[in-house]
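Chemist: This is the structure I have questions about; it appears just below.
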Amino acid sequence: MKYFLRMSKVTIYTVAEKAGVSISTVSLAINAPHRVSDATRARVVAAAGALGYRTGGRDRTGPTAGTRVAVAAPFSSYATYFRRFSGMLVRARETAIDLTAHDLDSAASAAAPLLDALPARRGIDGLIVMGVPLGSAALRASREAALPLVLIDVLRARPVGDDVPVVLVDDEEGGRLAGAHLSERGHERVLFLGEPQRSEDYISAGMLRIRGLSEHVDVEVVRCDPAADPTPVLLDALRGSRAPTAIVANHDEFAARAYRGLSARGLSVPDDVAIVGYDDGPLAAGMGLTTIRQPLEETGRAALDLLLGAIAGTGAAVRRVDLVPSLVVRESTGGREATPHEPHTLKRNSTTSPSTIV
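Here the sequence shown is numbered in full-length UniProt numbering, starting from 1 and rising by one per residue.
Take a look at the structure:
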């Protein structure tokens with residue numbers, strides 16, 4: 001008589017149970033062994049060996065084990081996308097998730113900014129695109145490939161098809177915060193310093209910031225190439241009896257260049273002209289710039305959470321996450337540094353129409 005022994009499949013859960021650790025610890029011991037102690041790693045390796053567990057190929061038994069995510073953004077054009085990406089890295093470092101970065105051209109500098117060729121290579125389980133809107137072909141390719149997709153900082157002027165999950169920071173509210181602050185300090189006319197935008201196929205952050213700023217002050221828009229010195233165009237705009245008395249820059253680097261350039265020409269900040277930046281990082285803190293703080297790292301974490309939920313099939317029906325910026329007052333508008341209120345997260349999902357603050 002022959003006996004057949006049916007062996008149950010060995011999974012990461014089986015190894016975790018035998019080693020007396022969590023599945024995330026097993027993943028770390030296998031994929032990032034430097035992040036666990038020698039004793040824990042030895043215990044996991046022993047358990048895996050005893051059970052005959054092999055990792056040749058990605059393990060799909062865990063909800064995100066072995067997941068590979070591509071992240072595409074204009075990294076070389078804007079440093080803020082590195083900060084968003086760092087939020088993803090922090091979120092992913094306790095798992096076996098692999099993140100791959102792809103650099104894109106800036107949407108502002110492109111005559112046709114819609115991205116129609118997905119940057120993901122074969123073997124990618126999900127895609128996050130930051131700062132560049134997707135065209136119809138890319139959206140169709142994502143659907144046909146069943147490739148989970150999440151956008152950050154992207155608003156299309158003409159939406160196509162079903163909405164893709166998106167994480168945004170409320171740029172219009174950021175403009176309102178800057179405008180209200182300057183109005184309270186007696187400013188009536190303000191320069192908005194931003195990059196040229198060659199296409200109207202998407203709604204840029206700058207467009208929304210101008211809209212919010214205009215609710216409190218009169219706004220004159222000046223454009224300057226991001227790599228150029230904005231001082232000449234600012235000096236021209238600041239001449240005359242009704243010249244603006246404050247500048248709001250589309251990001252802190254622009255604000256810092258304006259600060260240095262105008263100071264070198266003999267103008268005093270904030271006595272002759274007040275300056276407000278946008279984003280808030282070490283540069284703004286070091287120069288004493290009043291700025292609008294964006295929760296950049298949090299946008300990255302939120303987007304990765306949405307994507308992993310979609311990949312694992314456990315995600316809720318959240319289609320949009322809105323994060324609220326905050327005002328940080330420093331010397332460039334005549335104030336002392338203040339600690340802003342913590343931003344709230346606004347979540348809108350496909351089943352609930354009102355916004356809820358969580």
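Virtual Cβ for every residue (Gly too), placed ideally from N, Cα, C. Since this is a predicted model, take the numbers as computed values, not measurements.
1) Check whether the segment 222-241 and the segment 169-185 touch, using three or more Cβ-Cβ pairs below 8 Å as the test.
2) Under 8 Å by Cβ, that's how I've got Ile124 and Val150 pegged, so tell me the actual separation to the nearest angstrom.
3) For the alpha helix (DSSP H) that Tyr13 lies in, which residues bound it at each end?
4) Val132 and Pro113 look like a contact to me (Cβ under 8 Å); what is the Cβ gap, rounded to whole Å?
5) For Gly126, name the three-state secondary structure that DSSP assigns.
6) Look up Leu306 in the DSSP assignment and say whether it is helix, strand or coil.
7) Could you tell me which residues DSSP puts in a beta bridge with Asp201?
8) Hey, could you find the ends of the beta strand (DSSP E) Glu220 is sitting in?
9) Quickly, what does DSSP pair Ala141 with across the bridge? List them, please.
10) Excluding the five sequence neighbours on either side, which residues of its own chain have a C-beta within less than 8 Å of the C-beta of Leu182, listed in chain order?
11) Return helix, strand or coil for Phe192, following the three-state DSSP convention.
12) Between Arg43 and Ala16, is the Cβ-Cβ spacing less than 7 Å?
13) Hey, could you find the ends of the beta strand (DSSP E) Val318 is sitting in?
14) Quick test of your reading: Pro244 and Leu235, contact by CB under 8 Å. State the CB separation rounded to the nearest angstrom.
15) With H, G and I counted as helix, E and B as strand and the rest as coil, what does DSSP make of Asp236?
16) Using three-state DSSP, classify Leu51 as helix, strand or coil.
17) Pull up the distance between the alpha-carbon of Thr14 and that of His251, whole angstroms please.
18) Which residues bound the alpha helix (DSSP H) around Thr80?
19) Suppose you measure from the CA of Tyr81 to the CA of Leu89; what does that come to, to the nearest Å?
20) Going by DSSP, what residue range makes up the alpha helix (DSSP H) through His187?
21) Leu177: which of Tyr259, Val328, Ala256 and Arg260 sits nearest, CA to CA?
22) Report the CB separation of Gly300 from Gly87 in whole angstroms; it is logged as a contact under 8 Å.
23) Based on the DSSP output, what are the partners of Ile23 in its beta bridges?
24) Rounded to whole angstroms, how far is the Cβ of Gly49 from the Cβ of Ala96, which I believe are closer than 8 Å?
25) For Ile23, is the beta carbon positioned less than 6 Å from some heavy atom of the ligand ATP?
26) Please state whether DSSP places Val71 in a helix, a strand or coil.
Modeler: Straight from the coordinates:
1) no
2) Actually they are not in contact, since the Cβ atoms of Ile124 and Val150 sit about 13 Å apart, beyond 8 Å.
3) Ile12 to Ala19
4) 6 Å
5) strand
6) helix
7) Its beta-bridge partners do not exist; DSSP assigns none.
8) Asp218 to Arg223
9) Ala141 pairs with nothing; no bridge assigned.
10) Val190, His216, Val217, Ala246, Val248, Ala274, Val276 and Thr333
11) strand
12) no
13) Val318 to Leu323
14) So it is not a contact: roughly 12 Å between Cβ atoms.
15) helix
16) helix
17) 50 Å
18) Thr80 to Ala92
19) 12 Å
20) Looking at the DSSP string, His187 is not in any alpha helix (DSSP H), and its letter there is neither H nor E.
21) Val328
22) 3 Å
23) Its beta-bridge partners do not exist; DSSP assigns none.
24) Actually they are not in contact, since the Cβ atoms of Gly49 and Ala96 sit about 19 Å apart, beyond 8 Å.
25) Although the ligand ATP was asked about, the structure shown includes no ligands whatsoever.
26) strand
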